[in-house]
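K.L.:
There are 4 protein chains.
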Amino acid sequence: MNKLVIPRDSKKEFLGRWNFCVGTGRLGLALQKEYIDTLAFVKKNIDFKYIRGHGLLCDDVGIYREDMVDGKVVPFYNFTYIDRIFDSYLELGIKPFVELGFMPKKLASGAQTVFYWEGNVTPPKDYEKWSDLIKAVVKHFISRYGEEEVLTWPFEIWNEPNLPGFWEHADEKEYFKLYKVTAEAVKSINENLKVGGPAICGGADHWIKDFLKFCDTENAPLDFVSRHAYTSTVGEKTPHFTYQEIMPQEHMFDELKSVRKMIDETKFKRLPFHITEYNTSYHPLNPVHDTAFNAAYICRILSEAGDYVNSFSYWTFSDVFEECDVPRAEFHGGFGLVALHNIPKPTFYAFSFFNELGKELLYKDEHIIVTKKEDKSIVFVAWNEWFGKASDEEKEYEIAIPFKDGKVFVERYTVNEEYANPWGTWREMGRPRFPSKEQIELLRKVAVPHITTNNSVAENGTVNIKFVLKKNEVSLFKLKVVEDESDTYIGLDDTKITSYK
Amino acid sequence: MNKLVIPRDSKKEFLGRWNFCVGTGRLGLALQKEYIDTLAFVKKNIDFKYIRGHGLLCDDVGIYREDMVDGKVVPFYNFTYIDRIFDSYLELGIKPFVELGFMPKKLASGAQTVFYWEGNVTPPKDYEKWSDLIKAVVKHFISRYGEEEVLTWPFEIWNEPNLPGFWEHADEKEYFKLYKVTAEAVKSINENLKVGGPAICGGADHWIKDFLKFCDTENAPLDFVSRHAYTSTVGEKTPHFTYQEIMPQEHMFDELKSVRKMIDETKFKRLPFHITEYNTSYHPLNPVHDTAFNAAYICRILSEAGDYVNSFSYWTFSDVFEECDVPRAEFHGGFGLVALHNIPKPTFYAFSFFNELGKELLYKDEHIIVTKKEDKSIVFVAWNEWFGKASDEEKEYEIAIPFKDGKVFVERYTVNEEYANPWGTWREMGRPRFPSKEQIELLRKVAVPHITTNNSVAENGTVNIKFVLKKNEVSLFKLKVVEDESDTYIGLDDTKITSYK
Amino acid sequence: MNKLVIPRDSKKEFLGRWNFCVGTGRLGLALQKEYIDTLAFVKKNIDFKYIRGHGLLCDDVGIYREDMVDGKVVPFYNFTYIDRIFDSYLELGIKPFVELGFMPKKLASGAQTVFYWEGNVTPPKDYEKWSDLIKAVVKHFISRYGEEEVLTWPFEIWNEPNLPGFWEHADEKEYFKLYKVTAEAVKSINENLKVGGPAICGGADHWIKDFLKFCDTENAPLDFVSRHAYTSTVGEKTPHFTYQEIMPQEHMFDELKSVRKMIDETKFKRLPFHITEYNTSYHPLNPVHDTAFNAAYICRILSEAGDYVNSFSYWTFSDVFEECDVPRAEFHGGFGLVALHNIPKPTFYAFSFFNELGKELLYKDEHIIVTKKEDKSIVFVAWNEWFGKASDEEKEYEIAIPFKDGKVFVERYTVNEEYANPWGTWREMGRPRFPSKEQIELLRKVAVPHITTNNSVAENGTVNIKFVLKKNEVSLFKLKVVEDESDTYIGLDDTKITSYK
Amino acid sequence: MNKLVIPRDSKKEFLGRWNFCVGTGRLGLALQKEYIDTLAFVKKNIDFKYIRGHGLLCDDVGIYREDMVDGKVVPFYNFTYIDRIFDSYLELGIKPFVELGFMPKKLASGAQTVFYWEGNVTPPKDYEKWSDLIKAVVKHFISRYGEEEVLTWPFEIWNEPNLPGFWEHADEKEYFKLYKVTAEAVKSINENLKVGGPAICGGADHWIKDFLKFCDTENAPLDFVSRHAYTSTVGEKTPHFTYQEIMPQEHMFDELKSVRKMIDETKFKRLPFHITEYNTSYHPLNPVHDTAFNAAYICRILSEAGDYVNSFSYWTFSDVFEECDVPRAEFHGGFGLVALHNIPKPTFYAFSFFNELGKELLYKDEHIIVTKKEDKSIVFVAWNEWFGKASDEEKEYEIAIPFKDGKVFVERYTVNEEYANPWGTWREMGRPRFPSKEQIELLRKVAVPHITTNNSVAENGTVNIKFVLKKNEVSLFKLKVVEDESDTYIGLDDTKITSYK
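First to last, the sequence lines map onto chains A, B, C and D. With the UniProt record's numbering as the guide, the letters of the first sequence map in order to residues 1 to 501. With the UniProt record's numbering as the guide, the letters of the second sequence map in order to residues 1 to 501. With the UniProt record's numbering as the guide, the letters of the third sequence map in order to residues 1 to 501. With the UniProt record's numbering as the guide, the letters of the fourth sequence map in order to residues 1 to 501.
#1: Measuring alpha carbon to alpha carbon, tell me which of C:PRO221, C:MET429, C:THR452, C:TRP315 ends up nearest C:ASN279.
#2: Would you say A:VAL69 lies against chain C (beta-carbon separation less than 8 Å)?
#3: Count Cβ pairs between the region 72-79 of chain B and the region 112-119 of chain B that sit closer than 8 Å; are there 3 or more?
#4: I want to verify the contact list: residues of chain B whose CB lies under 7 Å from the CB of C:ASN78, in sequence order.
#5: Is it right to say B:ALA329 is buried, meaning 16 or more other beta carbons lie within 10 angstroms of its own, or is it exposed?
#6: Leaving out five residues before and five after D:LEU57 in sequence, what residues of the same chain have Cβ atoms less than 8 Å from its Cβ?
#7: Alpha carbon to alpha carbon, how far is A:GLY406 from A:LEU479?
#8: Report yes or no: is there a C-beta of chain D within less than 8 Å of the C-beta of A:LEU90?
#9: Starting from B:ASN2 and walking both ways along the beta strand (DSSP E), at which residues does that stretch end?
#10: Going along the chain, which residues of its own chain have a beta-carbon closer than 6 Å to the beta-carbon of D:ILE298, five neighbours each way excluded?
#11: Within the same chain, show all residues whose beta-carbon is closer than 7 Å to that of A:LYS125, passing over the 5 residues directly before and after it, in chain order.
#12: Quick check: the Cα distance between B:ILE497 and A:VAL415, rounded to an integer number of angstroms?
#13: Nearest CA to the CA of B:ILE246: which residue from B:LEU340, B:TRP386, B:PRO344, B:ASP264?
#14: Which residues in chain D have a C-beta closer than 8 Å to the C-beta of A:GLY62? List them in chain order.
#15: How would you list, in chain order, the residues of chain B whose beta-carbon sits under 7 Å from the beta-carbon of A:MET429?
#16: Tell me the DSSP secondary structure of A:LEU151 in three-state form.
#17: Which residue wins for smallest C-alpha separation from C:ASN355, given the options C:PHE20, C:PRO327, C:VAL5?
#18: Assign C:GLY119 to one of two classes, buried (16 or more other C-beta atoms within 10 Å of its C-beta) or exposed (fewer than that).
#19: Within 10 angstroms of its Cβ, does C:ASN342 collect 16 or more other Cβ (buried), or is it exposed?
#20: How long is the line joining the alpha carbons of A:ASN460 and C:ASP47, rounded to whole angstroms?
#21: Between which residues of its own chain and D:ALA382 is the CB-CB distance below 7 Å, once the five residues before and five after are set aside?
#22: Straight-line CA distance for A:VAL288 to B:VAL446?
#23: Between C:GLU411 and C:PHE477, is the Cβ-Cβ spacing less than 8 Å?
#24: Please report how far the alpha carbon of D:LYS12 lies from the alpha carbon of D:THR371, in whole angstroms.
#25: In the DSSP output, which residue or residues are listed as bridge partners for B:PRO75?
#26: Over the uninterrupted alpha helix (DSSP H) stretch that includes A:GLU91, give me the two end residues.
#27: Could you list which residues in chain D have their beta carbon closer than 7 Å to that of B:ILE490, in chain order?
#28: Since D:GLY333 is in the beta strand (DSSP E), which residue starts that stretch and which ends it?
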């Protein structure tokens, strides 16, 4: 039994760093209808401010082209698709967190690619043409969306250059060159535009050190530092799935603190630090992403990571995603908060529950966060990610919350193995890879939290709420004052109804 | 414990008489946005074929007008509003079951009115002008909607003339006169149009006898007989509510059988017999309409009444209704399947569950109906309306259903005191008369059935399904064959997921 | 030939007083689907900030009710309908300009009513109960919509009390009593709420004088003065139409100036002065409202009236209106900017053209208004209302406009007897009272401005635009700089296309 | 002056062969939002029954995949994307005209590709695996959409195998092999499925002969013959455009007749003959597609080609198309009936005008087609494609049409160089490649036909209609009987309105 006493007030704010940004599959996918429908749904329920994905400069978005004119190669910048994509984002109220990469084929120095969709990851064969491209792109953004708008977009240079898969030979020196040229190209259009890097994945934080030193000594522009953070081990790969162990959240927090410290020990002390990708597993075919466990696990990160970094961006909002080929099944272990056919996964609800929290943070620990809203209602989220220890399977709580005396209306929204778990129902259906419309409709119907409502009573300024968290559960509670109007119903007597005596 | 063994096949069809027609508040309300939104929602989920309501000829719909031209009164027929109304119905795929009434003020012989909205219930002061009006109206319908369409609309003459509140002095002879004049006016436009009456309420079946005799001897056109059926006692009226005892469903069935027999003993033997209104309580301020009991109670009627009559029309689809004044609270005991602000009540789900049944009727009794669909799935609805006897509070079932051997996917949708009971949540909220948007949103969210899914196994051609019905519960079950595709996932092993070992 | 030379700059702003507010039929109509659809369309194209109509307190909206409890009459305030209505307005981004009236039957001292829909126009039989009603209503608004919002709503007391049709005996003293009691009731809830009157119609400005004096001597709260202004003579009434002479716009301007002066000679000098109703004809069955003449006529008012008053509110946005009965034909001379079935009339486009004007007013006279937008484009509206003088039938213009040298893109949108004149097409159709869907669709299709585009050239900082205004025409012109990209198309040569050589 | 006298009746029907099918860019594009929006718009206005495009089996749709399982290659069929695509089509009421091709990389015998999107055009390296793929695909379609539905889909084998660009070496023998294997694979699933070929382009009709002979002697299944037809010369290619001469329509008709004759001289006499692609130019960067000329030109084909073939399918409905790279400008000479951003081109209206024609064909010649509808109205389309001969620039017409005596309501819809020509306006704008939202909105607004309405009079059973067709104009006329209701307006006198005296 966990007994908690929540303080009446706090001067602490629960910051919106957890929904500052979200990840997406390659930008070209944003032309798709399902992608846009899902993004609208996610925006409405979670209210992310920015979106970040790969492939801005890749050939499917098709910005960089060349023409042969009078025997001379002339660059042509084609904004047909990127305009549609960014128009869509902005119409939905979500801004691009711009990642500048990968390399257009015509500018590439080599043939190495990453992903099923073949993003070229080699350095430019001509840094001047690359710089021209960057300038043309940024200039076009300003011309289409206005300076005021584009000044709010961060520009991050490349993705995970510390991995040879994402940057040929993981060549640090070459990356720093790319970084400087690119950052300067951006700043040449408007010096108030924000640039940053090095967007490395975990396990290579010496890159951060080197990068900061490089920026310092080479006087390269730098407005923010970025890095990724996944909490999975290497794991086991099978033809259709990858399985990995998920490590406790502390692993991630330790990394964030360590990099923050690294930054703060340089002249870049006050610089924002963004986690531009994170998730449990870094693999798009790991079924953990589809589970209730993933939802319960992520809650502590949502609650706590903002204490260490300026933002952290869940990778990704949707299973409309092609890094490991076109998805081959309704549930396939994709990163998405939302599965194919717009079916929300449990983790979607972890986020949407956090989106209900108030601004005033009254209390938090490893399994609960309690807030107060401006209308005086109390909103809290509690979770129970289960790592397999039998004694943790259920958690009992009794919490004393300061509240106005009188009747209290209590709403509870629950996601766990039983509720809002479409993956579970889909398994019962026989794991249909390409579900029928009828099956899709049912999966959508079960993919909602269990809602219960009831009345409590606050006495002596306190209301006591008891509840049990089941395995891999996330529950959202809202406590509101009841303004009882029953007296205004003249002659009211429910017991005079047949069956209600 | 109820043990049932369901037969494999039957040559019986479950007829669509239960959703042939639904009732509505005065037709003028069909101009309202909320009315149309609710009707679209109801049509989509229950698929009623016809809609019937009062007030076609009343002054708010405004068809009958008079002009003074050169010192002479000239009738003017204004179809502005009725066109909008019937256009809306037909766009939603629902046809009018036309009720010809009440009396336009300018044609009325007296001042007596019914309802808050003041329908004049006196005979025409000039039967010729009345007849002209009827002809003009029918002619206009045919000109706007086409003969083929209008020939499918029944025309019912007046409403409950056996009550002095609805027909001055409940004057039977005068009604018969009205009936004949009106029926002949309709037939004068096209003799294949369908006319009927006398649309009486219960407790006055001698009117039926007299009416049939009248039609016979006076040679009045007659294509169907109609009557109403409510199963409530007189009850107790308070300023804001009316409470009544609800009688067992047999009361209604006995009445239907008795009238059917009455008809069959005349030359009108084969004539269709329509119940053009029914419900538990006949009062629009009786909270029973908002309850789970009402839903569970109505199921047996949906299941059985079609054995005795050609159609029976639930009064009404929506709480957008004004017979006893503008509704004064979100829940006020209105007739509607759907409450104000488009919040479905439990009875809505009783209907929508029946809408899921298959065409082949395998079995039915007082608490269950089991059907087979064309795709071989089994769909059944079971209910437990609770009249207060402690021993009936829960019903346990074990039913053996013929099914293809192998894994079975079982869906269950439940409505009871706990689920899809927005009235319950609203009481916990303090019965807010004019709920805020936030409260409305929550009421909509709780107003959905509880859904669970799981797997069963059919062996030896039978699957056994055990379940418990709680108090005032209606549950819908669907049993489908599982086509298991798990084998096609190479390397699949859920136990390799953290937390699922 | 009118030759104009437009100045390069001005420090003048064209104020948004012309679309501050718009009139509506009785508030109860706002429950209707067509009303809401039309209002959304109007809001999107004209962007009115406020809406004002009669009937807030009338029995169809149904706020004031009484219950008999223990033999005592107890007031009951029913906000079911008004909540829907104001919710709709605010969702569309339009605020109520609240008119407090007319009298609920249960509070009325007499039986006199106004309009087909029977608004009771007698004083309260009990001023205390009236005051309680006002307080309850205002309190409810604040509780539902928040203090901040409601503080932006003006509260106007009654409508045209100087007419015996709208206020029993047009009793000035009684009105002043009503005014004071009501204004004080409003202020008792929040003293920052804005109250005003006397909302008189034209031709009785001595009421204004008396009213200001009354407020001064009796210390009645007063935040704004209001009055109406129609420019039609008494005219001729036939059974289906009323015909009136429309007077030149100066008649209206003279009235506005005179009242403004009246106010400024009192201690209420700086008080806002609102024209809470205006139009050409004050009669809802005058075909002038449907004509192109009405559009061309109203332009000068839109351009100029804001020079004299703080706002002026066109009566009304839609033909969904019932003052003289349910409309009896598609076009019937209704006040609406938009006809039934959401068909915009010419006057709608006069307003929507003004909505395209820029903030900087470069020039205006009796037939043209020229503005500059923030993006440097020039937008002007010119009109030619035709009073029957043969020589005015067409107006030729040549105007010199300061503009950046180079190619200019010119858009012209025209409404006149030929274009955007659905009334004309409807007459050709044979004036169908209740048009078929096909006819409605065509009427909507013709109800759009004629659009032409072409190129001009600006030289020496000036572009010369020549054009002709036909009879009863309103034309909107937009001039934009052309950024010519033709050079970027390599190999472009339109003359190589068959038919374009 | 063209004087025509139209006959009263005819027993001829105007067949719906002209809108039986329409072409589309690669099927993978059907995942895009803009594609679907445009297709919905086109379907609504033109009502095509089928849609045909390349790329069903290409790697972006991603059906054919291989897994390595236990060291063995195992095929995997992924229907994730094709299900979305065909679901979308069927939801819009449009069926697939299935083209089986091109080659999945993993099954390809070579590396040759066609188009920017790189469809592999080499024969299968393993015909058995190819046959298995075809069977799996067809089986899946039947399982998802039902046998009844899929039996209505034609299956055409490959595309333009007579061109080396579309089929390696244009190897006829290899194609016949592919044809037989594929056709037999389809038939093995259900022998009633329809198969056909050889889908050649023009200029190689000996292939047809050989193909029919092959099918005959080798007993290959054959249900229809297919071919393409473009009426452009080879032309001139520049970096951004291709210009070609457009030949008179007779060229196409001669080809159709010749192939029809070829077929009819074999045992396949009665077989359907489908033109599965046609247009003026066969190049996706030829500006002719954007012109009014193209619209006027295509009319004669719409009117006449159905006399020779069973269907003819305009290539394509939308400029969402990638054969020559991502489109680089709003207007770029794409095939689409509709330009990017859902802006309809003139040719779209040629089709939508034909969609208004009645079933009874009264008269047609090279520039006009006159029909009668079931409601007795007369609908005709006239056109004036301009090949540059000065004397043809305008065509004057006077036609005598049998009609009921009395007032006639005449609607005219016009598309020409001036109206519904967004390409023209766009050129005036300076040919913006990536237009702003404001520019897109204006282009949509100008892209509508000019509509005029007026009254004529029919006397002695005839109405005479005079009109002039401008250069490259298409005009649609509708003549309807006027039911004049003016008499029902009591007191009506428009001359009493100011300005209308």
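Glycine residues also receive a C-beta, built at the ideal position from the N, C-alpha and C atoms. Fair warning: this is a prediction, and the values are worked out from it, not measured in the lab.
P.N.:
Put simply:
#1: C:TRP315
#2: yes
#3: no
#4: Those are VAL326, ARG328, listed as they occur along chain B.
#5: buried
#6: ILE63, TYR64, LEU100, GLY101, PHE102, MET103, PRO104, LEU133, VAL137
#7: Within the model, the alpha-carbon separation for A:GLY406 versus A:LEU479 is close to 12 Å.
#8: no
#9: Here the beta strand (DSSP E) through B:ASN2 covers 2-5.
#10: THR347, ALA350
#11: LEU107, ALA108, SER109
#12: 19 Å
#13: B:TRP386
#14: ASP325, VAL326
#15: Residues of chain B passing the Cβ test: PHE409, VAL482.
#16: coil
#17: C:PHE20
#18: Label assigned to C:GLY119: buried.
#19: buried
#20: Their backbone Cα atoms lie some 51 Å apart in a straight line.
#21: HIS367, ILE368, TYR397, LEU469, SER475
#22: About 29 Å.
#23: Going by C-beta atoms, C:GLU411 is nearer than 8 Å to C:PHE477.
#24: 10 Å
#25: B:GLU66
#26: Unbroken alpha helix (DSSP H) run through A:GLU91: 80-91.
#27: ASP67, VAL69
#28: Run containing D:GLY333: none; DSSP gives neither H nor E here.
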